[in-house]
Amino acid sequence: MSDMQNNLKSAFSLKFSIRDMGTLIGLVIIFAVFAFLSPVFLTVPNLINIMQQSAINAIVALGMTLVIISAGIDLSVGPVAALAAVICASLMVAGVPVPLAVLGALLCGALYGLFNGVLIAYAGLQPFIVTLGGLSLCRALALIYTGGNPIFGIPASFRSFINGSLFGLPTPIIIAAVVAITLWIVLTKTPLGEYIFAVGGNEEAARVCGVPVAKTKIAVYIISAVLASIAALILVGRLGAADPILGNLWEMNAIAAAAIGGASLMGGKGSIFGTILGAIILGTLINGFTLLNIQSFYQLFATGVIIIVAMLVDRATRGK
Numbered sequence: 041m042s043d044m045q046n047n048l049k050s051a052f053s054l055k056f057s058i059r060d061m062g063t064l065i066g067l068v069i070i071f072a073v074f075a076f077l078s079p080v081f082l083t084v085p086n087l088i089n090i091m092q093q094s095a096i097n098a099i100v101a102l103g104m105t106l107v108i109i110s111a112g113i114d115l116s117v118g119p120v121a122a123l124a125a126v127i128c129a130s131l132m133v134a135g136v137p138v139p140l141a142v143l144g145a146l147l148c149g150a151l152y153g154l155f156n157g158v159l160i161a162y163a164g165l166q167p168f169i170v171t172l173g174g175l176s177l178c179r180a181l182a183l184i185y186t187g188g189n190p191i192f193g194i195p196a197s198f199r200s201f202i203n204g205s206l207f208g209l210p211t212p213i214i215i216a217a218v219v220a221i222t223l224w225i226v227l228t229k230t231p232l233g234e235y236i237f238a239v240g241g242n243e244e245a246a247r248v249c250g251v252p253v254a255k256t257k258i259a260v261y262i263i264s265a266v267l268a269s270i271a272a273l274i275l276v277g278r279l280g281a282a283d284p285i286l287g288n289l290w291e292m293n294a295i296a297a298a299a300i301g302g303a304s305l306m307g308g309k310g311s312i313f314g315t316i317l318g319a320i321i322l323g324t325l326i327n328g329f330t331l332l333n334i335q336s337f338y339q340l341f342a343t344g345v346i347i348i349v350a351m352l353v354d355r356a357t358r359g360k
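In this note's numbering, the protein residues as written are 41 to 360.
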């Protein structure tokens, strides 16, 4: 029995490696096309710009990946990010020390993630419905809280930190890397990671095996909301303002990055490395089309095509 389990685990890991390699090859092809069409594309400043542009989506998408692996979905990440952003900005403008204001924003995200998780895990509501309601609820709360107006006057210390660099790389890239490494450790080295895959693979079997299904679901929605809040704070620091309509379509971009990276919306499948590649692919498309002066609706078209192809590949790898 043990040998059979080891064989299945090896096959499972191989499938993920092949899937990630396919995503990486796709990224290389996209790079090659844009490098051929634009002499500016492969310059170091532009490559750093791509990574910086991809960092925000990557952070949100990494949280979304955990939710998707658990066979859930989180459509509320954009509005939750907006709510956390305006709360943090208002606290900083009011004179609250920056670390406490940031902590307040993260706490806001965590509480709303907890709210989502409890409704899904204990009330038995569908994740799509709960988070779709949260999409409208949080957006409305952000607009009501600010009166529909952006909040300006972000402290220079906060902006300089976000717009600074470490080891020659912009701070957002460093933050995204730290988040990615942390979640990779969680997924591959901790019981929580095993629980997330187990719940997404077969919830009833996981429950029979003693997996704390409800707590696992709550955990992934809290993580997703907190990471969306972190991404929002990065954007606030870059823009110097917090807008209540911040985060528009973030949920779609995050789902797209996770799907391109190999996460299955059926649950039980996904990887941190794949999601990072997916976010970079989306960032590369936006950057390349901008350099070539291609209008934004063609960017949307290309993104849609890539998502559909990713879903077809996922279906094929499942042998269905």
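Glycine residues also receive a C-beta, built at the ideal position from the N, C-alpha and C atoms.
The alpha helix (DSSP H) enclosing residue i, as first and last residue numbers
i: Ala-163; result: Careful: Ala-163 lies outside any alpha helix (DSSP H) and carries neither H nor E.
i: Lys-309; result: Premise fails: Lys-309 is in no alpha helix (DSSP H) and is neither H nor E.
i: Cys-178; result: 167-186
i: Val-276; result: 253-279
i: Ile-221; result: 211-229
i: Val-248; result: 243-248
i: Leu-288; result: Residue identity differs from the one stated: residue 288 is Asn in this sequence, not Leu. Unbroken run through Asn-288: none, as it is neither H nor E.
Environment of residue i [buried if 16+ CB atoms lie within 10 Å]
i: Gln-93; result: buried
i: Ser-304; result: buried
i: Lys-255; result: exposed
i: Cys-178; result: buried
i: Gln-65; result: It is worth fixing the name first, because residue 65 is Ile in this sequence and not Gln. It counts as exposed.
i: Asn-189; result: exposed
i: Cys-249; result: exposed
i: Leu-289; result: exposed
i: Leu-273; result: buried
i: Glu-291; result: buried
i: Ser-110; result: buried
i: Ser-50; result: Any reading at Ser-50 is ruled out, since the residue's pLDDT is 41, under 50, leaving its predicted position unreliable.
i: Ser-197; result: exposed
i: Ala-72; result: exposed
i: Ala-134; result: exposed
i: Pro-210; result: buried
i: Val-107; result: buried
i: Leu-48; result: Unreliable placement is indicated for Leu-48, whose pLDDT of 37 sits below 50; no coordinate value is reported for it.
i: Ser-269; result: buried
i: Gly-386; result: Any property of residue 386 remains undetermined from this structure, which presents the chain solely from 41 to 360.
Beta-carbon contacts of residue i that lie in its chain and below 7 Å, excluding the five residues immediately before and after
i: Ala-294; result: Asn-97, Val-100, Ala-101, Met-104 and Val-117
i: Leu-77; result: Leu-332
i: Asn-46; result: Here the model assigns Asn-46 a pLDDT of 47, short of 50, so the residue's position is not dependable and the matter cannot be decided.
i: Pro-195; result: Met-132 and Val-138
i: Phe-329; result: Tyr-338 and Gln-339
i: Ala-182; result: Pro-119, Ala-122, Leu-123, Val-126 and Pro-284
i: Leu-267; result: Ile-99, Val-100, Leu-102, Gly-103 and Val-219
Neighbourhood of residue i by C-beta, 6 Å cutoff - its chain only, sequence neighbours within 5 removed
i: Ala-265; result: Val-120, Gly-149, Tyr-152 and Gly-153
i: Leu-131; result: Ala-141 and Gly-144
i: Ile-321; result: Leu-67 and Ile-300
i: Pro-167; result: Gly-112, Ile-113 and Ile-160
C-beta neighbour in chain D for residue i, strict 7 Å
i: Ala-268; result: Within the model displayed, chain D is absent; a lone protein chain is all it includes.
Residues bridged to residue i [DSSP beta-bridge criterion]
i: Ala-282; result: Ile-191
i: Ser-205; result: Pro-210
Nonlocal neighbours in the same chain, by C-beta distance under 8 Å from residue i, ignoring five residues either side
i: Ala-281; result: Ala-129, Pro-190, Ile-191, Phe-192 and Ile-194
i: Ile-213; result: Ile-88, Met-91, Gln-92 and Ala-95
i: Ala-403; result: Not covered by the structure: residue 403. The range shown for the chain is 41 to 360.
i: Gly-344; result: none
Can you list, in chain order, the stretches of the alpha helix (DSSP H) that have 4 or more residues and sit fully within the stretch 89-145?
-> For the stretch 89-145, the continuous alpha helix (DSSP H) assignments of 4+ residues that do not extend past its boundaries occur at 117-133, in sequence order.
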